[in-house]
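Reading through the structure tokens given below for one structure.
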Ligand code: AMP
Ligand code: GLY
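Residue numbers (the working numbering): 366 to 786.
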């Protein structure tokens, strides 16, 4: 089987390594991949949003199955375009990917189908939004409607900060068209849990839960990033909470999308907050999370390709999705200065004995040398029977990896360990 994977981050590296475990897989192409992924797949210099380029490549190379993982190509209709050419895909069509592509859409969906989420109002008129802020509860949360590289969410502690956020999104267009419509929502508190779930539009099979660490600094201080590390499972996600989520959130969401004529197939990401009033949805993503995937897939015992194909073919109910009863920790090594400004081009050295624990995100090859080429450079994942051991093992690996300007958080998993006591 010839497989194409769209994307080029740590998430795609984790997906590719897992797909390779299936003996039926003859060849994997990564579009565009990266210098580290090149060790596990054939990287082709076609960008993840070049839909025409992706489709042409798939047709010309007789691709049997395409796995589309990043948000932009999914929202742009990459799956629709590939399916039109008869190529089977893992991932939702554009009409379903809107669940991430428009926050206004997802909030209205939750309201219509009674899926628990923060109270909210949607605005496309700036003056109305500013007037609303004069009387809304503070803190409040301002969200750009569209995709904004995970940066379109501002938690405002004062009315002035809230107004500044509205002006920057709607007037100054800080996130371009993504901020033409905004959502202003209730500020919730409680532990956050990420749950990725496979679905074929009928059945939903959640993967092991995980916890992301979004801020750049230890103790959850500083700017938001794409994610600086993850642990799985998330100890705040008890069996009782999981049961509630299945009946109050997961199944109702799949059902709601079907009723709207937007059947979702692929991986649906539920960003949840466990509030005093029960679990609520903070966000949906139409794809695997990153770096969540870097802890979740290494724990998957079942064959990934078989599970992915079952979401496409509609037989997920009969397909086993099993996870190891162990703990995983992923520490992201980034370039110092990320998420703002950082240098690139420094040589990365990874000892051979830990190479299979490393998922590469921002790196390029120069001859046989691997050089840094992005903010998040790589993730290191270890699995152990306890969370504490998994954390120590990941940090031991981090110590063995070397590149100039490396930065990583020292407290990945610390909050999860507190919950375990
Ligand atoms: P999002 O991009 O929607 O995941 O938001 C980024 C982060 O902002 C989330 O992981 C939460 O930590 C925080 N956040 C988003 N919405 C809310 C909310 N309604 N209340 C409190 N925190 C929130
Ligand atoms: N780690 C959060 C995300 O993938 O959106």
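The C-beta atom is built at its ideal place from N, Cα and C for all residues, glycine as well.
Which of the three DSSP states, helix, strand or coil, is assigned to residue i?
i	result
residue 580	strand
residue 737	strand
residue 551	strand
residue 367	strand
residue 448	helix
residue 643	strand
residue 461	helix
residue 527	helix
residue 705	coil
residue 719	helix
residue 648	strand
residue 731	strand
residue 713	coil
residue 751	coil
residue 559	strand
residue 410	coil
residue 438	helix
residue 746	strand
residue 656	coil
residue 777	coil
residue 700	strand
residue 726	coil
residue 668	coil
residue 421	helix
May I have the straight-line CA-CA distance separating residue i from residue j, to the nearest angstrom?
i	j	result
residue 652	residue 388	25 Å
residue 712	residue 728	9 Å
residue 450	residue 424	7 Å
residue 709	residue 739	7 Å
residue 674	residue 714	36 Å
residue 557	residue 600	11 Å
residue 766	residue 587	25 Å
residue 376	residue 560	15 Å
residue 621	residue 478	6 Å
residue 630	residue 493	37 Å
residue 646	residue 576	15 Å
residue 538	residue 514	15 Å
residue 399	residue 436	18 Å
residue 677	residue 526	45 Å
residue 397	residue 404	13 Å
residue 536	residue 704	24 Å
residue 428	residue 448	12 Å
residue 390	residue 752	33 Å
residue 756	residue 495	45 Å
residue 456	residue 777	30 Å
residue 393	residue 407	6 Å
residue 593	residue 504	25 Å
residue 573	residue 482	22 Å
residue 367	residue 469	38 Å
residue 664	residue 748	8 Å
residue 445	residue 758	42 Å
residue 636	residue 725	24 Å
Since residue i sits in a beta bridge, which residues does DSSP pair it with?
i	result
residue 686	The partner list for residue 686 (beta bridge, DSSP) is empty, contrary to what the question assumes.
residue 453	430
residue 486	549
residue 537	DSSP, once it has assigned bridges, lists no residue as partnering residue 537.
residue 415	Residue 415 is not bridged to any residue.
residue 634	561, 650
residue 679	Paired residues: none, contrary to the question.
So is residue i in contact with chain C if we call contact Cβ pairs under 7 Å?
i	result
residue 437	Within the model displayed, chain C is absent; a lone protein chain is all it includes.
Quick check for students: name the residue ranges of the beta strand (DSSP E) that lie wholly in the segment 566-625, counting only runs of 3 or more. Along the length of the segment 566-625, whole beta strand (DSSP E) runs at least 3 residues long occupy 569-571, 580-582, 586-589, 594-597, reported in chain order.
Quick one: residues with CB closer than 6 Å to any heavy atom of ligand 2, in chain order, please. Output, sorted by chain position: 515, 577, 592, 650, 654, 655, 657.
Contiguous alpha helix (DSSP H) assignments of at least 4 residues, all confined to the segment 469-523: 491-498
What residue ranges within the segment 373-407 form continuous alpha helix (DSSP H) runs of no fewer than 4 residues, ordered along the chain? 375-384
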